Every structure is written in structure tokens, then in C-alpha cells.
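Below is one structure, written out as C-alpha cells; comments come after it.
Residue numbers (this note's numbering), protein chains in the order written: chain A, 1 to 291; chain B, 1001 to 1235.
Here you go:
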């Protein structure tokens, strides 16, 4: 019983990080109808930049810089790899492939700048342990959960209560009508891409403090798991991304008990099953419900 | 004043408007009638900036506006109730109306215009919390017009406001359009329902396969035997 509880808590913690990555996928997909396969690469680049800053300052400054760096990089990817294609009315498949190309370029840039070796994350948050009833936790885990859930709540407020959020929702639902009433759709596309990318970098930094390391491979894998979580929950749906991430985290942790060396495979088994059984995801509608 | 001069617009490879010239004076209600495929929707899309002309020009109060993006044109005081309504389906009625005022910052004016819209279309007030996608076709039409009015336009573009309405509601709709005009808003209306539309028009144009065939006052066109034969069902 206590093992299951422990697994549930661990699953929710890492799952909340997957949710953040999935939110980026879903935000970008709902507005551009493109799966951004540069998402994992943007996450890695932001994380490695954030790590350099963290080593000279502290975790929170590193987190902020990582988010800003990835946000900028995301805006650049949208402007360079997607916008020119949309202007020429290129098919969505071409835009999708363009994001793969952008991702490769970012990966190579990261390799040149930071090198191939795994970088340790210095202990940057207090290692204090505490017990909450039957559950043991650490300050690191609490920080991860707090940042993830806090950002999700903030995103909800942003989308539903602010002028920018209203512009996003209008663009998702009818871009032409949105433009006709004064929304600068190109700017909304770029800023949404930047927002999703910033969330990815935050997730990358949280995974860094959780596993005490960061490298190109783990970043890529994190991106893929975020994608699975987004599809799991129903791509394009914000609550779906949150739910999909948490469900994936828990499933991984429980799955690892029986298949410990196949921990990372659990995500992809889930992806295959969900695509076969319920391709629209848990909260997705067959006709695709967006933001 | 809106002025279209020798407008040539292509829809893909189709030459949809072939040299259309047309004027709407301040506060005037101008109707463009024509069959399906005559170029009516293309005309409105060009004025609001969704399409750009290959030849000719659109000017608004003396300023060239063809080539401007839609979000710039709405800020100059031209708003549209587009073809097929195009309301935001997963936003509430209230949110749709707020989106109409997206380009404005004057909170007091926005609140006043919201009351005006609710006055013109009381059903929208009753349904203000309802998601727009679940409204009936007629209610969505009212919402599309209300949303355009929320932009406080000096010129309102309307594409087939009678489409999909029950016959009883069509008459009410045209009365409402007349009231909007009487409040001082200029209107450029394209309609297949020529009889009712010409009945309330100050002036009208007959569009046929991308060209202006006839123009005149609403009454003149209603009396014209060509118009009667082609668009008013014989007699």
C-alpha cells in the first residue's frame, strides 16, 4: 500500500513536468495545427543555457533565463521555419517537416556550444526531507510540483481572463474572423509559440534538478514524452495536456516496478495503445476540441 | 465615404471581380444584389482586407485601404458581419460581442454599445452566457451583426443577413438593419433576397459574374424590368 502511494506521488511529480511539456505541444498545435518537433530541442537548449546561469547565480535566476532563452528561440523557430511556409500556403505536412529541420539545427548548435557530455546539475535547492503522513518528500519535489501547478494555473488565467488569451482563443476558433476584429494573428502565432517554448524550458530545468543532470539525450526524450502526454490527453486541449502528463507520470512509475529497465518504453507503449484505441485522446473530441 | 474604383479581384485562378466601381456615402445604405457566384462575397472580403485586389483601388475617406490587413481596416471604422456568420463557436455570446470590440479601448463606449446591441437583438441578452456554437442559425446571424456593431463601425458590411432565417424573421431582420442605418451607420449589404433588400436601400447595384450590370436608387432598381425578371421572380 505504501509502495503504491509512493509511486503515485513520484508519478504525479514527474508527471506534472510532462504536463508542462505537453501544454507547449498543445498550445502550439491548437493555434497552428502543427506538431512542433523542435519542441524537445528548444527544451534542451533552454535548459543548458539555464544551467550555465544557475552555476553562476541560483536556481530561480537560471529558471527565468532558461524560460526567456527558449521563448526567444521558439519565436525564432516560428518566424524562420513556419511563418514563411504559411505565407506561401504550404501544406501542414511541409510545416511539420520544417520543424524537424529546425530541431536538428538547434541540436547541432547545442552540441557545438555545450559539447556532448552529460552535465551534472549542482545541488541548487535545499535537500531537506520531510514526511507528510505516510508520504516522504523533499523540498526539490515540492518545488517541482509547485512550479508546475502554479504555471498551469497561471496559463489557465492567461487564456481565459486576459486580452492576449482572448486573442489566442479567437485565433484558434476562427483566425479570419479574429483578424477582422483587430487581432494581429501573426503576432499571436509567434507569441504562442514563444509561450509554449518557455514552458518547455521550465520543464527541462525541473527535470534537471530532479535527476541532477542534463544532456541532449534526456532533453530529447523529455520532448517525446511531452508529446505522448499531449496525445494521451487529447492534443489541443489544455486540461487534456495536464491530465495526460500526470497519467503518463504515474503509469511510468508503476510500470517501472515490473519492467524497471523499460521505464522509458512505457510512454511509447501508451502512445501506440492510445492511437489504436482512442486516437483523439482522453479529453479530445473526435472533431478535435481546441483551446 | 467608401469608394471602389475598377476593382479586379482573383479568387485563386478565378477572375471574380472584373472592374467593379461602387460608392457608399456616409450613412448611406447601399445594397448589392446578384445571383450566387456573382462576386458579392468577394466584394465584401476585399473591402475588409481578407482579399487583396490585383487591380484597382479601395479608398475610405480619401485614404487608400486596399492592401491593408484586416486588423488595420477594422481600426479605421469598417466592420463586417461575414458570410456564414463565422462566430467564435466555443466562446459565449457575451465573449463574442467583446471580441467585436477587441480593437477598442473605451470601456464606457463599449458598455454603451453592448446595451445598444442587446436593445436591437433582445435574444442575445437572454443567451449571453450560452456558447455561440449552440445557437440557432438565426441567433448566430444576430450575434454576427451584433459583434460587428461592437466595433463601433462607421461602415457596416453585411453578407446575406437573411440567410438561414425563417421568413417571419427575415422581415424583422430588414427592419433592424434599417434601424441601424437610421442611427447613422453606413451599410454595404449584399443579398440574394433582392426584393426586401432593395426595399430598404438608398441605392443599389446589380452584380452579374463580376461586373456591375445596373445601378440606381433602391426604388429605380425595384421598378426596373430586367431586375424584376432576373431577381424578383418575373411579374
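Where is the CB? At the ideal position from N, CA and C, for every residue including glycine. Keep in mind that this is a model prediction, so the values were computed, not measured.
My output table needs one value for residue i: the three-state DSSP class, helix, strand or coil.
i, result
"residue 289 of chain A", "Confidence in residue 289 of chain A is poor, its pLDDT being 48 and thus under 50, which makes the residue's placement unreliable; the coordinate value appears in the next sentence. Residue 289 of chain A falls in the coil class under three-state DSSP."
"residue 1159 of chain B", "strand"
"residue 283 of chain A", "coil"
"residue 1023 of chain B", "strand"
"residue 1127 of chain B", "coil"
"residue 30 of chain A", "helix"
"residue 1208 of chain B", "strand"
"residue 1235 of chain B", "Low confidence applies to residue 1235 of chain B: its pLDDT is 44, below 50, so where it sits in the model is not reliable, and the reading given next is rough at best. Reduced to three states, the DSSP call for residue 1235 of chain B is coil."
"residue 1105 of chain B", "coil"
"residue 256 of chain A", "helix"
"residue 1070 of chain B", "helix"
"residue 161 of chain A", "helix"
"residue 1191 of chain B", "strand"
"residue 20 of chain A", "helix"
"residue 1092 of chain B", "strand"
"residue 1186 of chain B", "strand"
"residue 5 of chain A", "helix"
"residue 36 of chain A", "coil"
"residue 1086 of chain B", "coil"
"residue 1051 of chain B", "coil"
"residue 1121 of chain B", "coil"
"residue 237 of chain A", "coil"
"residue 15 of chain A", "helix"
"residue 1037 of chain B", "coil"
"residue 249 of chain A", "helix"
How about residue i: is its C-beta nearer than 8 Å to some C-beta of chain A?
i, result
"residue 1011 of chain B", "no"
"residue 1016 of chain B", "no"
"residue 1094 of chain B", "no"
"residue 1053 of chain B", "no"
"residue 1071 of chain B", "yes"
"residue 1091 of chain B", "yes"
"residue 1050 of chain B", "yes"
"residue 1189 of chain B", "no"
"residue 1136 of chain B", "no"
"residue 1199 of chain B", "no"
"residue 1020 of chain B", "no"
"residue 1121 of chain B", "no"
"residue 1174 of chain B", "no"
For the alpha helix (DSSP H) holding residue i, just list the boundary residues, first then last.
i, result
"residue 75 of chain A", "59 to 77"
"residue 1012 of chain B", "From DSSP, residue 1012 of chain B is part of no alpha helix (DSSP H); its letter is neither H nor E."
"residue 221 of chain A", "216 to 233"
"residue 1180 of chain B", "1167 to 1182"
"residue 48 of chain A", "39 to 56"
"residue 105 of chain A", "92 to 114"
"residue 1150 of chain B", "Counting along the chain, residue 1150 of chain B falls outside any alpha helix (DSSP H), and DSSP gives it neither H nor E."
"residue 82 of chain A", "Residue 82 of chain A -> no alpha helix (DSSP H), and no H or E assigned at all."
"residue 380 of chain A", "Any property of residue 380 of chain A remains undetermined from this structure, which presents chain A solely from 1 to 291."
"residue 1044 of chain B", "1040 to 1047"
Taking only beta-carbon positions, decide if residue i is within less than 8 Å of chain B.
i, result
"residue 173 of chain A", "yes"
"residue 278 of chain A", "no"
"residue 225 of chain A", "no"
"residue 268 of chain A", "no"
"residue 184 of chain A", "yes"
"residue 166 of chain A", "yes"
"residue 59 of chain A", "no"
"residue 179 of chain A", "yes"
"residue 90 of chain A", "no"
"residue 161 of chain A", "no"
Just to confirm, does residue i get its C-beta within under 7 Å of one of the non-hydrogen atoms of the ligand FAD?
i, result
"residue 201 of chain A", "What this structure holds is no ligand at all, so the ligand FAD is not there to describe."
What are the residues that DSSP puts in a beta bridge with residue i?
i, result
"residue 1078 of chain B", "B:1155"
"residue 1217 of chain B", "B:1203"
"residue 130 of chain A", "A:137"
"residue 1059 of chain B", "B:1003, B:1064"
"residue 120 of chain A", "A:213"
"residue 1018 of chain B", "B:1008"
Could you please give the first and the last residue of the uninterrupted beta strand (DSSP E) stretch that includes residue i?
i, result
"residue 181 of chain A", "Where residue 181 of chain A is concerned, there is no enclosing beta strand (DSSP E), given that its DSSP letter is neither H nor E."
"residue 1029 of chain B", "1029 to 1033"
Rounded to the nearest angstrom, how far is the Cβ of residue i from that of residue j, given a contact under 8 Å?
i, j, result
"residue 241 of chain A", "residue 233 of chain A", "5 Å"
"residue 205 of chain A", "residue 63 of chain A", "5 Å"
"residue 1062 of chain B", "residue 1005 of chain B", "Not quite, the Cβ-Cβ distance comes to about 12 Å (not below 8 Å), so this is no contact."
"residue 30 of chain A", "residue 236 of chain A", "4 Å"
"residue 108 of chain A", "residue 16 of chain A", "The pair is not a contact, with the Cβ atoms about 31 Å apart (cut-off 8 Å)."
"residue 179 of chain A", "residue 172 of chain A", "At roughly 13 Å, the Cβ-Cβ gap does not stay under 8 Å, so residue 179 of chain A and residue 172 of chain A are not in contact."
"residue 244 of chain A", "residue 94 of chain A", "Their Cβ separation, rounded to whole angstroms, is 27 Å, which puts residue 244 of chain A and residue 94 of chain A out of contact at 8 Å."
"residue 27 of chain A", "residue 196 of chain A", "4 Å"
"residue 1185 of chain B", "residue 1203 of chain B", "Not quite, the Cβ-Cβ distance comes to about 16 Å (not below 8 Å), so this is no contact."
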